[in-house]
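Protein chains in written order, with the working numbering: chain A, 241 to 513; chain B, 241 to 513. For reference, the structure discussed in these notes is given below.
The structure is reproduced here in structure tokens:
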């Protein structure tokens, strides 16, 4: 069986897309026809997935949006649907977990055994033994928060640690100490293209999950030029709200597909430029 | 309605206990009679809660242990049971969430609206705007990771940041900038009593959630002397596995109660000593 990293690299090449479609379902923003449907979250996300799959190389459900609505079963169904209908497009469960080893084992079971995600996002604040249990799931991907796209990201991540900001220390730990089996990636926000470039310099070809284009305002050209590998790949560039809620009318799924296509094309314009 | 901090302070005084019973259910460790019971997690935890309530001032379910077993409904039932049968003993949902503001809003809804927890643990790596949405839930408690009890905790938390280790910078941010409404607490592991003392010096009477006694080996006397406030309170001293799995026989609930009583008494021996 292929590892997450192999699947991802294959998907980047066969789809000719670096777009990761983020699945952050908010029922209050759904088309009116979904009012009072108990499977609204699953069905809305499934239609988004099917509409955008031609333009995406991965999907990233954000678990908080399911948990807040008691929709864990719908999340299971959604990921099963992606694996069945869009094999080869990996699923990253965005959970940002971080806990001591014995608890991390449980979170790893949740992500990989229960939800059958191909990769999961994790938080580095508790150090390597909080990340290690995920790595014991052979071939799975583990994407560590490094430089996040939110304004408060600077509160800790920009603190000087031994002559460099904390996020760079995290990138070095990930690249030099924590990545024995080649399962790691890093989260680096598109709101800081210069910092993406620094991180890319530290981590070689390691995959970077880059949220923050679209609703959060990151610049696509600067992001792609900063984060691409020599082969013009290496990035999962995530867009969630700008795709999911691109249209309000009956053609909302087509609008999402068009937004995904446009985003893919804007990214591709700068991959080799 | 009382706030979490008020409820907690009242519970410390009326129960004469600083013990927080951690609920980390592992079905493989349950008594044999639970094999193949679909409500095993709820029922085991309920019996632990009822047996240990006389010796505890709070309960802390760890959500990973429920999520790994698709037991979210059992977690809802368990917290409802605690509120109904043991009113006045606050429930801390140990989730260690950390995400951008819009996602943190969803996690806050999960913790407070869905599970009806009185407080939740959160991760500071993404900064203040990842914590703020929880504070908008009036009166709820938000307990921020500061110095964690695991070995890898030092990887980041002990990095020098402006002349002090990162965990002390987090304690200062929490005490001086982030705690406008008095809703915050901090997690500081019992495996580092000297560091508990430093944190107590920074944060005044702020509640400290202290895991790491029991199975993780922290020293009770050193912990209590380091973390107590002038009034001999201020700590939620957590024990999970050492209480939950104290007995293997038919008297497992009594064994848990005895372990809780012993732990409470060992703590109390040093509260004013």
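We put the CB at the ideal spot given by N, CA and C, even for glycine. Since this is a predicted model, take the numbers as computed values, not measurements.
Report task. Compute the beta-carbon to beta-carbon distance between residue 263/A and residue 302/A, rounded to the nearest angstrom, for a pair I have assumed lies under 8 Å. Result -> That pair is a contact at about 7 Å.
Report task. Could you tell me whether the Cβ atoms of residue 321/A and residue 287/A are closer together than 8 Å? Result -> No, they are not a contact pair.
Report task. Out of 270/B, 479/B and 416/B, state which residue places its alpha-carbon closest to the alpha-carbon of residue 292/B. Result -> Measuring from the Cα of residue 292/B, the nearest candidate turns out to be 479/B.
Requested in this report: Determine the contact status of residue 251/A and residue 329/A, defining contact as a CB-CB distance below 8 Å.
Outcome: Their beta carbons are under 8 Å apart, which means residue 251/A touches residue 329/A by this criterion.
Query raised in the report: Using a beta-carbon distance cut-off of less than 9 Å, what residues from the segment 370 to 396 of chain B approach chain A?
Result: Within the segment 370 to 396 of chain B, contact with chain A at the beta-carbon level (separation under 9 Å) is assigned to 370, 371, 372, 385, 388, 389, 390, 391, 392, 393, 394, 395 and 396.
Query - Pick from 290/B, 296/B, 275/B and 266/B that is closest to residue 253/B, judged by C-alpha positions - result: Of the residues 290/B, 296/B, 275/B and 266/B, the one whose Cα lies closest to the Cα of residue 253/B is 296/B.
**Report entry** Delimiting residues of the beta strand (DSSP E) encompassing residue 477/A
**Finding:** Annotation for residue 477/A: the continuous beta strand (DSSP E) segment containing it runs 475 to 479.
Query raised in the report: First and last residue of the beta strand (DSSP E) that includes residue 417/A?
Result: Going by DSSP, residue 417/A is part of no beta strand (DSSP E) at all; its letter is neither H nor E.
Requested in this report: Establish whether the CB of residue 368/A and some CB of chain B are separated by less than 8 Å.
Outcome: Cβ-Cβ to chain B under 8 Å: yes for residue 368/A.
Query raised in the report: Which residues mark the beginning and the end of the beta strand (DSSP E) in which residue 244/A is found?
Result: Where residue 244/A is concerned, there is no enclosing beta strand (DSSP E), although the alpha helix (DSSP H) around it starts and stops at 244 to 255.
Query - Classification of residue 324/B by the beta-carbon crowding that lies within 10 angstroms, buried from 16 upward - result: Flag for residue 324/B reads exposed.
Report task. Could you work out which residues of chain A lie near residue 283/B, taking near to mean beta carbons separated by less than 8 Å? Result -> Ordered by position in chain A, no residue passes the 8 Å Cβ test against residue 283/B, which lies about 19 Å from the chain.
**Report entry** Burial state of residue 367/A, where buried means 16 or more other Cβ atoms lie within 10 Å
**Finding:** By the neighbour-count criterion, in which 16 or more other beta carbons inside 10 Å mark a residue as buried, residue 367/A falls on the buried side.
Query raised in the report: Quick one: Cα of residue 304/B to Cα of residue 340/A, how far?
Result: About 11 Å.
Report task. Give the straight-line distance between the Cα atoms of residue 395/B and residue 326/B, rounded to the nearest whole angstrom. Result -> Taking the straight line joining both Cα atoms gives about 39 Å.
Query raised in the report: In terms of residue numbering, what span does the alpha helix (DSSP H) encompassing residue 505/B cover?
Result: Looking at the DSSP string, the run of the alpha helix (DSSP H) that includes residue 505/B is 492 to 508.
Query raised in the report: Considering only residues of the same chain and omitting the five flanking positions on each side of residue 504/B, which have a CB-CB separation below 7 Å?
Result: Excluding positions up to five away in sequence, the list reads 257, 259 and 295.
Query raised in the report: Any contact of the segment 394 to 408 of chain B with the segment 370 to 379 of chain B, i.e. 3+ C-beta pairs under 8 Å?
Result: Taking a cut-off of 8 Å on C-beta distances, the segment 394 to 408 of chain B does not touch the segment 370 to 379 of chain B, as fewer than three cross pairs fall below it.
Report task. Report the residues of the segment 401 to 426 of chain A with a CB closer than 8 Å to any CB of chain B, ordered along the chain. Result -> Residues of the segment 401 to 426 of chain A with a C-beta less than 8 Å from any C-beta of chain B: 401, 402, 406, 409, 410 and 413, listed in chain order.
Report task. Kindly identify the DSSP beta-bridge partner or partners of residue 302/A. Result -> Answer is 334/A.
Requested in this report: Decide if the segment 465 to 483 of chain B is in contact with the segment 437 to 444 of chain B; the criterion is three or more beta carbon pairs, one per stretch, under 8 Å apart.
Outcome: The segment 465 to 483 of chain B, when compared against the segment 437 to 444 of chain B, does touch it at the 8 Å Cβ threshold.
Query raised in the report: Under 8 Å, do residue 359/B and residue 386/B count as touching if we go by C-beta distance?
Result: Their beta carbons are not under 8 Å apart, which means residue 359/B does not touch residue 386/B by this criterion.
Query raised in the report: Residues of chain B with a CB under 7 Å from the CB of residue 339/A: which are they?
Result: The answer, in chain order, is 304 and 336.
**Report entry** Contact list for residue 433/B against chain A, beta-carbon separation under 8 Å
**Finding:** Chain-order list of chain A residues neighbouring residue 433/B: empty, with the shortest C-beta distance near 18 Å, by a criterion of under 8 Å.
Query raised in the report: With a Cβ-Cβ cutoff of 8 Å, do residue 453/A and residue 483/A count as a contact?
Result: Taking 8 Å as the Cβ cut-off, residue 453/A and residue 483/A do not qualify as a contacting pair.
Query raised in the report: Can you find a CB in chain B that lies within less than 8 Å of the CB of residue 503/A?
Result: Cβ-Cβ to chain B under 8 Å: no for residue 503/A.
Requested in this report: Starting from the Cα of residue 429/B, find the closest Cα among 401/B, 392/B, 278/B and 419/B and give me that residue.
Outcome: The shortest C-alpha separation from residue 429/B is found at 392/B.
Query raised in the report: Quick one, are the C-beta atoms of residue 486/B and residue 261/B less than 8 Å apart?
Result: Judged by their CB atoms, residue 486/B and residue 261/B are not nearer to each other than the 8 Å cut-off.
**Report entry** Neighbour flag for residue 363/B against chain A, beta carbons, 8 Å
**Finding:** Proximity of residue 363/B to chain A, defined by a Cβ-Cβ separation below 8 Å, is satisfied.
Query raised in the report: Can you find a CB in chain A that lies within less than 8 Å of the CB of residue 356/B?
Result: Taking Cβ atoms only, chain A never reaches closer than 8 Å to residue 356/B, which makes this a no.
**Report entry** Option nearest residue 593/B by Cα separation, candidates 416/B, 488/B, 342/B and 335/B
**Finding:** What the structure shows of chain B is the stretch from 241 to 513, and residue 593/B is not part of that stretch, so it cannot be assessed.
Report task. Confirm, please, whether the CB-CB distance from residue 373/A to residue 348/A is below 8 Å. Result -> Closer than 8 Å, so yes.
Requested in this report: Give a single yes or no on whether residue 306/B has its beta carbon closer than 7 Å to a heavy atom of the ligand SAM.
Outcome: This structure lacks the ligand SAM, and indeed carries no ligand of any kind.
Query raised in the report: Apart from the five residues just before and just after residue 365/A, which ones in its own chain have a Cβ nearer than 7 Å to its Cβ?
Result: Closer than 7 Å at Cβ, skipping near neighbours: 338.
Query raised in the report: Which chain B residues are close to residue 347/A, counting only those with a beta carbon under 8 Å from its beta carbon?
Result: In chain order: 304, 307 and 308.
Report task. Can you grab the Cα-Cα spacing for the pair residue 496/A / residue 332/A, in whole Å? Result -> In this structure, the straight-line span from the alpha carbon of residue 496/A to that of residue 332/A is close to 20 Å.
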